[in-house]
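Report on the structure given below.
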Amino acid sequence: MYNAGKIIIGIVIFLALITAPFWYNLAKPSAPPKLELGTQEKQCVESKAFMQANHMVLLDQWRDEVVRDGKRIYVNSAGKQFNMSLQNTCTKCHSTKTKFCDRCHTYLNVAPNCWDCHIAPKEQEKLAGRSDK
Amino acid sequence: MNAFVSLVSALIAVVALAAISWFGVGAIGLDSVFGVIIPYIALAIFIVGVVYRIVGWARVPVPFRIPTTCGQAKSLPWIKADNLESPYNTWGVIGRMFLEVFLFRSLFRNTKAELREGPKITYASAKWLWLFGIMFHYSFLIIILRHLRFFMEPIPSFVEAITSVDGFFQIMVPTLFISDIIFLGAVTLLFLRRVTLPQVRYISLPADYFALFLILGIGVSGVLMRNYFKVDLLGVKNLAISLFTFHPVPTAGIHPIFYVHLFLVSVLIAYFPFSKLMHAGGVFLSPTRNLANVNRSERYVNPWNYPVKVHTYEEYENEFRGKMKEVGIPVDKE
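First to last, the protein sequences are chains A and B. The first sequence maps to residues 1 to 133 in the working numbering. The second sequence maps to residues 134 to 467 in the working numbering.
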């Protein structure tokens, strides 16, 4: 092999870049986030599968309808009515932003702009007490 | 091979690959094959293949310096030398390589030749390849760096910064990334360039179209996955992290479009070392670029030169001094 020194430096840089995620994760072991609902309610405004995939779309649609059309009532697929409001409807059940919204969003580097305008719910320690019993 | 046959055969190959993964996961349920086994094999082929190719190139001797130059070489002190276009030292070579690798300078110099009425031949600059190429490569780089959010936990802050700038316009939910649009646009433009220019179309082979379609397929499946099918990102990241910690856990319930994306990426990286895509490594090993133009000022020894046996005059005289004196031939040393 000619210019072995330079070639080996190049190959080492290549290998370091390609295998970086392996070393990085070995150094800092992590566990997938666990969400705490903070509610006894069993049913969200739509099915769990729909909410998991489309909550951002639903919230976006709610915002547009409320802010632009002044429409406040949402009728879900089962015909049930809800008040379209992040602070009054969503966070009534999902009352712990840090243990519900943020866990997934931080894990996946999603930065929704909800809280640029809205006020995050005040979190109280009693919720933790409730889940203990 | 006919241009149309090349195009269609490459398209069929990519569509077939996408279909294999779509039905392989969706209908047959081979989540662990497409989610764990194939990505690992592909990554192994990629790493071993790239090192193999680089070492293979490094074993080829370069018998003499062959830099392609396009500027004034260093000669007399009062003639201005161009160190970037005709490097005369290592810094010149480094500068030249840097501009080549990061700004694609040789593509910027691309020209076209056309026959006009007369017939007259005209030459003109043609920057489209450079423009589409640089759009493509840089948006691809940003997309790869953004993907580190799935590969690393906790996510490095530079990845968050890139993602935030990339989604600056906050169009649509989930946010449409500028790099995604530029990437798909650039691949499409590169493809159109290939099929619309007759000369380029004439020299295009299935391998040229295959890489393009494969990359386009990866881009399209990625955008569909994010903005249309909305795959379970939590499951995707869990799978990715499990792969990167060597504790693979096939995750059930991820939409097949994710496996199409992952399988096409696996095919791309496994195909990479054996294809034209290897220009990524090859650009560093091009003797026409990485050698200085110092043929006249520095001796370059051909690496395969064997040691030549020489018999100097001194040795000759030592051998025959007696005989030379006898017949009266003058000698250097008495």
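Glycine included, each C-beta is placed from N, C-alpha and C at the ideal position. Since this is a predicted model, take the numbers as computed values, not measurements.
Checklist entry - When you compare each of B:446, B:317, B:415 and B:455 to residue 14 of chain A by their alpha carbons, which one comes out closest? => result Of B:446, B:317, B:415 and B:455, the residue nearest in Cα terms is B:415.
Checklist entry - Name the chain B residues that come within less than 7 Å of residue 109 of chain A, Cβ to Cβ? => result Within 7 Å Cβ-Cβ: 282, 288, 292, 293 and 296.
Next on the checklist: Can you look up residue 169 of chain B in the DSSP assignment and give me helix, strand or coil?
Outcome noted: In this structure, residue 169 of chain B counts as helix in the three-state DSSP scheme.
Checklist entry - What residues in the region 170-200 of chain B bring their beta carbon closer than 9 Å to a beta carbon of chain A? => result Of all residues in the region 170-200 of chain B, 176, 179, 180, 183, 184, 187, 188, 190, 191, 192, 193, 194 and 195 have a Cβ within less than 9 Å of some Cβ in chain A.
Item to check | Per-residue contacts from residue 230 of chain B into chain A (C-beta, under 8 Å) | outcome: Going along chain A, no residue has its Cβ under 8 Å from residue 230 of chain B, so there is no contact; the nearest lies around 12 Å.
Checklist entry - Measuring CB to CB, does residue 374 of chain B end up less than 8 Å from residue 176 of chain B? => result For residue 374 of chain B and residue 176 of chain B, no; Cβs fall outside 8 Å.
Item to check | CB contact below 8 Å: residue 57 of chain A versus chain B | outcome: Output row for residue 57 of chain A: interface = yes.
Item to check | Residues of the region 84-112 of chain A whose Cβ lies closer than 7 Å to any Cβ of chain B, in chain order | outcome: Taking 7 Å as the Cβ-Cβ cut-off against chain B, the residues of the region 84-112 of chain A that qualify are 104, 107, 108, 109 and 111.
Checklist entry - Name the chain B residues that come within less than 8 Å of residue 26 of chain A, Cβ to Cβ? => result In chain order: 378.
Item to check | Simplified DSSP state of residue 201 of chain B, which is helix, strand or coil | outcome: In this structure, residue 201 of chain B counts as coil in the three-state DSSP scheme.
Next on the checklist: Taking the straight line between their C-alpha atoms, what separation do you get for residue 47 of chain A and residue 103 of chain A?
Outcome noted: For the pair residue 47 of chain A and residue 103 of chain A, the Cα-to-Cα distance works out to about 21 Å.
Next on the checklist: Rounded to whole angstroms, what is the Cα-Cα separation between residue 126 of chain A and residue 45 of chain A?
Outcome noted: Confidence in residue 126 of chain A is poor, its pLDDT being 49 and thus under 50, which makes the residue's placement unreliable; the coordinate value appears in the next sentence. Between residue 126 of chain A and residue 45 of chain A, the C-alpha separation is close to 25 Å.
Item to check | Contained alpha helix (DSSP H) runs [length at least 4] in the region 383-436 of chain B, N- to C-terminal order | outcome: As far as the region 383-436 of chain B is concerned, its whole alpha helix (DSSP H) runs of at least 4 residues are 389-404, 412-415 and 420-423.
Item to check | CB contact below 8 Å: residue 94 of chain B versus chain A | outcome: For chain B, the structure presents residues 134 to 467; residue 94 of chain B sits outside this window and is missing.
Checklist entry - Quick one: is residue 68 of chain A buried, meaning 16 or more other Cβ sit within 10 Å of its Cβ, or exposed? => result Flag for residue 68 of chain A reads exposed.
Item to check | Identity of the residues DSSP links to residue 342 of chain B by a beta bridge | outcome: Answer by DSSP bridge pairing: none, since residue 342 of chain B is not bridged.
Item to check | Expected contact under 8 Å - CB spacing of residue 341 of chain B and residue 327 of chain B to nearest Å | outcome: Right, their Cβ atoms sit about 7 Å apart.
Checklist entry - Does the beta carbon of residue 51 of chain A sit closer than 8 Å to a beta carbon anywhere in chain B? => result Under the 8 Å criterion on CB atoms, residue 51 of chain A is classed as non-interfacial with respect to chain B.
Checklist entry - Straight-line CA distance for residue 376 of chain B to residue 281 of chain B? => result So the alpha carbons of these two residues sit roughly 13 Å apart.
Checklist entry - Would the beta-carbon of residue 358 of chain B fall within 8 Å of that of residue 396 of chain B? => result Contact: no.
Next on the checklist: So the candidates are A:75, A:40, A:101 and A:17; which of them puts its Cα closest to the Cα of residue 180 of chain B?
Outcome noted: Check the Cα spacing between residue 180 of chain B and each of A:75, A:40, A:101 and A:17: the tightest is with A:17.
Item to check | Reduced DSSP category for residue 248 of chain B - H, G, I as helix; E, B as strand; rest coil | outcome: Of the three classes helix, strand and coil, the one that applies to residue 248 of chain B here is strand, per DSSP.
Checklist entry - Which one or two residues does DSSP pair with residue 83 of chain A in a beta bridge? => result A:73.
Next on the checklist: Quick check: is the beta carbon of residue 132 of chain A nearer than 8 Å to any beta carbon in chain B?
Outcome noted: Low confidence applies to residue 132 of chain A: its pLDDT is 41, below 50, so where it sits in the model is not reliable enough to give any reading.
Item to check | Residues bridged to residue 255 of chain B [DSSP beta-bridge criterion] | outcome: Per DSSP, B:247.
Item to check | Beta-carbon contacts of residue 382 of chain B that lie in its chain and below 8 Å, excluding the five residues immediately before and after | outcome: Cβ neighbours of residue 382 of chain B within its own chain (closer than 8 Å, five residues either side excluded): 371, 372 and 375.
Item to check | residue 30 of chain A: contacting residues in chain B (beta-carbon distance under 9 Å) | outcome: Chain-order list of chain B residues neighbouring residue 30 of chain A: 286, 287, 374 and 378, by C-beta distance under 9 Å.
Checklist entry - Are residue 38 of chain A and residue 100 of chain A closer than 8 Å when you measure CB to CB? => result Using a Cβ distance threshold of 8 Å, residue 38 of chain A and residue 100 of chain A count as a contacting pair.
Checklist entry - If you drop the 5 nearest sequence neighbours on each side, which residues of the same chain put their C-beta closer than 7 Å to that of residue 130 of chain A? => result Reliability fails at residue 130 of chain A, whose pLDDT of 45 lies under 50, so the model's placement of it is uncertain and the value that follows must be treated cautiously. For residue 130 of chain A, where only same-chain residues beyond five positions count, there are no Cβ hits under 7 Å.
Item to check | Selected residue, minimal CA-CA separation from residue 87 of chain A, among A:52, A:3, A:78 and A:97 | outcome: Cα-wise, what sits closest to residue 87 of chain A is A:97.
Checklist entry - Is DSSP giving residue 129 of chain A helix, strand or coil here? => result Because the pLDDT at residue 129 of chain A is just 45, under 50, the model does not fix this residue reliably, and the value given afterwards should be weighed accordingly. The DSSP-derived three-state label of residue 129 of chain A is helix.
Item to check | residue 133 of chain A, buried or exposed, once every other Cβ within 10 Å from all chains shown has been counted against 16 | outcome: With a pLDDT of 34 at residue 133 of chain A, under the threshold of 50, the modelled position of that residue is not reliable, and no figure is offered here.
Checklist entry - Does residue 235 of chain B come within less than 8 Å of chain A when only Cβ atoms are used? => result Judged by the 8 Å Cβ criterion, residue 235 of chain B is not in contact with chain A.
Checklist entry - When you check each C-beta in the region 303-318 of chain B against every C-beta of chain A, which residues fall closer than 8 Å? => result For the region 303-318 of chain B, which is checked against every Cβ of chain A, the residues closer than 8 Å are 303, 306 and 307.
Checklist entry - Between B:238, B:345 and B:393, which lies nearest to residue 364 of chain B when the distance is taken from Cα to Cα? => result Among B:238, B:345 and B:393, the Cα nearest to that of residue 364 of chain B belongs to B:393.
Next on the checklist: Assuming residue 331 of chain B is part of the alpha helix (DSSP H), what are its boundary residues?
Outcome noted: Start and end: 331-335.
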